[in-house]
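Taking it in order: structure first as structure tokens, then the write-up.
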Ligand SMILES: [Zn+2]
């Protein structure tokens, strides 16, 4: 079933495809993973025990901590790479593949080349966890084809025609956002410029490109997009051709969306659609909204997404839970029942009110785990503070131009208590003294801890944020020594 059919199929049809793909993947592909061979053996499971997505509960959850390298075992991520050898292929490959293999032995290089195309890592991504060392996640040529296919689907969901020019404003790095931003336009024969972001091409040249190519589609990290559009307004640019902004790499608050919309209006682009994506390295692609109020449209034949509640039980339709991902296709590094730590409000089925597609959709506004931090404050030890709430609070404020939250030890003494400092560049014409008390109260209400407010001039703050020098702006900086 192709994407056009799949994205309008009934739930029963989609679930039947998921079950079939899961069954085949677990029986014939997953055994090439050293981690999963050991896991199935340890649990006394056979690769035929997983027949439907309901059977996935037989597998334990894994998380970043299971994949990330450790100081003692730096090769740990290798255990998740599919590594077929002759013996494993004979044992697990589908009969039709075995026959081809047998023929291949007679006809020479063809089968070897096909196996290399399917399984040899050719493209590496990295994922970073705050507590973990960077983890490699590898892709094969098979994956790059699927990456293109998912890019094609992403552009289909947002209904951008292929005769426009796209600007890929994601920072160049071995990360999913840049490369999906690269392959999606390529997949549909769309003209695009991969700028590498502010650090590589620089804000002025990216603005030149947006203006001169009359780009209709641009992809950015939200904080950098706000920065570059503010610069465009200051320079009196004409970006009236812009129709769609795709955000990735970070969550988008309603406040930031509104402020970006105001800037695009000033730049002559009325009615720009601002669409957010949800992605993680381990799922190898990104899912997108079709309009500003709909959820992230999944590709149900490539991966299985379930939400699980605090007890680890699968949440019912529309109920909140942690996003858990299992691979149904893809090669290279693969994970099953991967706990992302991200909390979603629900998964919705049925016809999408925005585009009519019937694929399942994760409700927007996902809370990412990486922003929950533990603090030792003056009076309380080990307080968990959800810094997710800082983003919407501060980015919605019209009296603040930019901000940065800094976490450090008092007097930089590692044995001291933690302190939170908020650097603020008020909007021109606004005095911090005039908003200090109210801002202080708003933050205390939201975080239940107090912060030191420090007024920082905009140019200095932009430098501190690394807008032009970092891959991603440093919005929250943890300067506490690592323990
Ligand atoms: Zn839709």
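In the numbering used here, the protein residues as written are 375 to 857.
Ideal Cβ placement from N, Cα and C applies to all residues, glycine included.
- The alpha helix (DSSP H) runs lying completely inside the segment 804-829 and spanning 4 residues or more are 806-821, given in chain order.
- Neighbourhood of ligand 1, defined by CB distance below 6 Å to any of its heavy atoms: 664, 668, 671, 726, 728, 729, 731, in chain order.
- Counting only the Cα atoms, residue 559 lies some 7 Å from residue 565.
- Contact between residue 666 and residue 692 fails: their C-beta atoms lie close to 20 Å from each other, not under 8 Å.
- Counting only runs that start and end inside the segment 397-484, the alpha helix (DSSP H) elements of at least 4 residues fall at 408-416, 438-441, 460-466, 469-481.
- Contact between residue 820 and residue 767 holds: CB atoms are separated by about 5 Å, below the 8 Å threshold.
- With fewer than 16 other Cβ atoms inside 10 Å of its own Cβ, residue 683 counts as exposed.
- Spatial neighbours of residue 612 in its own chain (CB-CB distance under 8 Å, excluding positions within 5 residues in sequence) are listed in chain order as 585, 641, 642.
- For the segment 536-624, the continuous beta strand (DSSP E) assignments of 3+ residues that do not extend past its boundaries occur at 539-542, 565-568, 591-594, 618-621, in sequence order.
- Look at the beta carbons and you see the segment 414-427 not touching the segment 455-464: under three pairs across the two are nearer than 8 Å.
- Within the same chain, Cβ atoms closer than 8 Å to the Cβ of residue 430 are found at 396, 424, 678, 680, 700, 710, 711, the five residues on either side in sequence being excluded.
- Going by DSSP, residue 377 is part of the alpha helix (DSSP H) stretching over 377-380.
- A buried status is given to residue 545, since no fewer than 16 other beta-carbon atoms sit within 10 Å of its beta-carbon.
- For the options 572, 412, 765, the alpha carbon positioned closest to that of residue 434 is the one of 412.
- Between residue 804 and residue 831, the alpha-carbon positions lie close to 12 Å from each other.
- For residue 766, the uninterrupted alpha helix (DSSP H) run begins and ends at 764-769, by DSSP.
- For residue 737, the secondary structure class from DSSP, reduced to helix, strand or coil, is coil.
- Under DSSP, residue 720 forms no beta bridge with any residue.
- In this structure the segment 445-461 touches the segment 388-408; the number of beta carbon pairs closer than 8 Å is three or more.
- Shortest Cα-Cα distance from residue 761 to any of 788, 795, 775 involves 795.
- Residue burial annotation: residue 644 is exposed, with fewer than 16 other C-beta atoms found within 10 angstroms of its C-beta.
- Annotation for residue 657: 677, 699 place their beta carbon closer than 6 Å to its own, counting only its chain and skipping 5 residues before and after.
- Sixteen is the threshold: since fewer than 16 other Cβ atoms of the shown chains lie within 10 Å of the Cβ of residue 588, the residue is exposed.
- The DSSP assignment places 647-653, 660-662, 677-682 as complete runs of the beta strand (DSSP E) inside the segment 646-695, in order along the chain (cut-off: 3 residues).
- Taking a C-beta distance under 7 Å as the contact criterion, residue 507 and residue 451 do not qualify as a contact pair.
- Exposure of residue 378 is indicated by the presence of fewer than 16 other C-beta atoms within 10 angstroms of its C-beta.
- When DSSP reads this structure, residue 774 sits in a beta bridge with 800.
- Annotation for residue 518: the continuous alpha helix (DSSP H) segment containing it runs 515-531.
- For the set 571, 520, 673, 449, the Cα lying nearest the Cα of residue 391 is the one of 673.
- DSSP places residue 758 in the strand class (E or B) of the three-state scheme.
- The DSSP-derived three-state label of residue 706 is coil.
- The criterion of a C-beta distance shorter than 7 Å is satisfied by residue 494 and residue 514.
- Closest in alpha carbon position to residue 549, among 799, 653, 687, is 653.
- DSSP places residue 786 within a helical segment (H, G or I) once states are collapsed to three.
- In chain order, 455, 495, 498, 706, 707 place their CB closer than 6 Å to the CB of residue 512, counting only its own chain and leaving out the 5 sequence neighbours on each side.
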